[in-house]
Structures are given as structure tokens and as C-alpha cells.
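Heads up: the sequence shown begins at 14 in the numbering used here, then just goes up one per residue.
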Amino acid sequence: MTRKIIIDTDPGQDDAIAILLALASPELEVIGITTVAGNVPLNLTTKNALKILEVANKTEIPVFAGCDAPLKRKLVTAEHVHGATGLNGIALPEPKIAAQDQHGVDFIIQVLRENEAGTITLCPLGPLTNIASAMQQAPEIISKIKEIILMGGAYFEVGNITPAAEFNIYVDPEAADIVMRSGVKITMIPLDVTHQVLTTNKRISRLKNLGNKTGEIVASWVDFFERFDEEKYGSDGAPLHDPCVIAYLIKPELFWGRQINVQIETQSELTRGMSVADYWGVTDKQECPRNVKFLRNANANGFYELLFERLKKLP
Ligand code: BDR
Ligand code: CA
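1) Under 8 Å by Cβ, that's how I've got residue 341 and residue 82 pegged, so tell me the actual separation to the nearest angstrom.
2) Below 8 Å, can you find three or more Cβ-Cβ pairs linking the region 220-240 to the region 102-117?
3) Run the CB neighbour count on residue 26, radius 10 Å, all protein chains shown included, and call it buried at 16 or more, exposed below.
4) Using the beta carbon as the reference atom, which residues fall closer than 6 Å to any heavy atom of ligand 1, ordered along the chain?
5) State yes or no: is the C-beta of residue 8 nearer than 7 Å to some heavy atom of ligand 2?
6) Return helix, strand or coil for residue 144, following the three-state DSSP convention.
7) I'd like the span of the alpha helix (DSSP H) that includes residue 219, first residue to last.
8) Just to check my reading of the structure: residue 308 and residue 202 have Cβ atoms closer than 8 Å, yes? What is that Cβ distance to the nearest angstrom?
9) For a test of your reading of the model: does the CB of residue 23 fall under 7 Å from any non-hydrogen atom of ligand 2? Yes or no.
10) Let me know if residue 146 comes out buried or exposed under the rule of 16 or more other beta-carbons within 10 Å of its beta-carbon.
11) Using the three-state DSSP reduction, which class does residue 38 fall into: helix, strand or coil?
12) Would you check if there are 3 or more beta carbon pairs closer than 8 Å linking the region 220-230 to the region 286-296?
13) Quick check on residue 93: buried or exposed, where buried means 16 or more other Cβ atoms within 10 Å of its Cβ?
14) For my contact list, residue 250 and residue 212 are in at a C-beta cut-off of 8 Å; report their separation, rounded to the angstrom.
15) Which complete beta strand (DSSP E) runs does the region 41-66 hold, if anything under 3 residues is left out?
16) Does DSSP put residue 340 in a helix, a strand or coil?
17) Residues in the same chain with beta-carbon distance under 6 Å from residue 310, minus the five sequence neighbours each way, listed in chain order, please.
18) Determine the burial state of residue 23: buried for a count of at least 16 other Cβ atoms within 10 Å of its Cβ, exposed for fewer.
19) In whole angstroms, what is the alpha-carbon distance linking residue 169 and residue 205?
20) Going by the DSSP bridge assignment, what does residue 272 pair with across the sheet?
21) Residue 84: which of 187, 36, 260 and 68 sits nearest, CA to CA?
22) How about residue 46 and residue 74: are their beta carbons less than 8 Å apart?
23) Can you tell me whether DSSP reads residue 14 as helix, strand or coil?
24) Let me check understanding here. Comparing Cα to Cα, which of 119, 21, 154 and 33 lies closest to residue 328?
25) Residue 245: buried (16+ other C-beta within 10 angstroms of its C-beta) or exposed?
26) Touching or not, the region 190-200 and the region 56-64, by the rule of three or more beta carbon pairs under 8 Å?
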């Protein structure tokens, strides 16, 4: 049976690869893509989502622009990593398709209202503004969400945008806090995992040689953003963050983690957006419920084999 998912995203090259992986996977039915401001402003994340659908020739999938700013904060973007368009690499043509008129948050609410409880999985790949807004505007939908599998946070690797915080959570910590406290089944894929799936030279060359246009485009994206991370971490290649969410949906056996308590720092300026993860179980279970499956390790080779096999099927 296929699993119905909504991808909530701020593309971003790694978001783009995640979307392509989902589109190439028969286990998943992408019922819509909602965009959010994050890596770049909303007009660009929306345009990028449309371009990605055209790359995959899946233009029937609807795109809905969501929130253009975090709940309470000024937007922080990451052009220094992703480039001015958010999708720097091989230049893609202006999209011919357009986003829907409906707001992304209204789409999420409508889908959850209209579908049976426990049938819709949310896959957030950016700041959690749209998801938290949907929960605030229509609290009755919360119990209808099957599961949330998100890329965000860090514990052992700590931060990538500040010394204490991962980008997606940092940009909208209040939204992340709402989601963490929602009671929905949550799986969190933090930097601790994504920093294990590196785009080595060998892997980029496999992508370039998949034999299709998608492979060339994906390799050019990776070539672009990995320079930044290689310089920062001194690693061979860069982490491929967001595709881990989709890979986990398809092959959860490639990942390991623990059910723990995770809370988000919203008060301190110094540690704003830190995901405080009780990996060692030192807090009281009653006061601090184990609200999150927090992943810690990934099988990197298995992850890349899956990515190569699926991306190869696209145009
Ligand atoms: C996350 O931040 C963004 O730059 C990436 O797309 C990913 O979702 C990693 O911290
Ligand atoms: Ca992202």
C-alpha cells in the first residue's frame, strides 16, 4: 500500500533531492507540496518546488505557498550555503506551472480534515512554521496526523547555524516547540544522522553517471553546496540532510535511534532553537514524556544505494 505524504519544504538543494527521491518511489504518494520561508524567501522556495516537479515531469502534483515568515521572529535565510536562488547548480528554466491559490496551511488543514485519521504523514524539511500554524488554527487536525517525520535539530553535533542550534529549528523555534508538544508521533532526523551521509567524490561521480538528466542536475546541486560544508567541517563531501526523511520512510531499517524527550529552547538568545535531547534518559518520564524518536545513526552506503537506484528512474 502506498503511503500518503505531504512534503513541507524550503528548497534548497537537499530538499530538492528529497522531493525527487519521493517522486521516484512507488511506496509513497506525494499528495501535495507546501512551501515555507527558510533557506531562501518564500517566493523562491515556491518557484524552486515548481522547477523540481518539472525536472521529474510530475507537474500534476500541486504546490501550495505557505508562511513567508516565522511565527514570532524575523526570517533568517541561508543563501551562504544554497546560493542566491536556493537551488544554485545547473540553471533550470523558469517554471511553466504555477502554485495553487490556496495557502499551504489551509491545504494541510483541509487534507487532514477530509481524510481518515491516521492516513496522512507530514514530512517537514524546513522550519516548522506551516505545521505549527495548521495546529494552532485547527487543533482538531492534530489527532488525525499519522506521523511527522522531520529533518531538524541536533544533539551530539550541536549546531550548524549557531554553535547551539540546527538551522530549521533555529529559524522558527516557537513553531518547533508547538510541534514537539503536540503529542503527534514524531521522528526527528538531526544533524547527528545527516552528518553521516556524506556526498563523497565517488558518490557525486555515481550521480553524474546515472545516465539521465536528473543525475546531472543533482550532481551539480551537490557540487555547489558541498564546497561550503567541506570548508566548514573539513570533510570529504557534505551532509545530505533532507533526503534522509524520505529514505527513512522507504527503508527505516537504514536508521537507528531512541524514543526520548526532546524540548526546544525558545527563551535564551545564546542557545535559541537548541534541541535539548535527553538521549541518556536523565529526566523524569512523567514531567518530560518521551515525545520523539530521535535518530542517531544511519547506514550511509545503504542510503546512497537507495538514492542512486531511485533517481535513475527519473527523466
Ligand atoms: C537543514 O537546513 C537547510 O539548510 C537544509 O535544507 C536542511 O533542511 C539542515 O540544517
Ligand atoms: Ca530544508
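Note that CB positions come from ideal geometry on N, CA and C, so glycine has one too. Predicted model, so just to flag it, every value in this text is computed and none were measured.
From the atom records:
1) As displayed, the chain neither begins before 14 nor continues past 328, which places residue 341 out of reach and without an answer.
2) yes
3) So residue 26 ends up on the buried side.
4) Checking every Cβ against the heavy atoms of ligand 1 under 6 Å gives 25, 27, 28, 52, 91, 94, 138, 139, 164, 173, 179, 180, 181, 254 and 255.
5) Any property of residue 8 remains undetermined from this structure, which presents the chain solely from 14 to 328.
6) helix
7) 214-221
8) 5 Å
9) Residue 23: yes, Cβ under 7 Å from ligand 2.
10) buried
11) coil
12) no
13) exposed
14) 4 Å
15) 41-48
16) Any question about residue 340 goes unanswered here, given that the chain covers just 14 to 328.
17) 269
18) buried
19) 6 Å
20) DSSP lists 306 as partners of residue 272.
21) Sorting 187, 36, 260 and 68 by C-alpha distance to the C-alpha of residue 84 places 187 at the top.
22) yes
23) coil
24) 33
25) exposed
26) no
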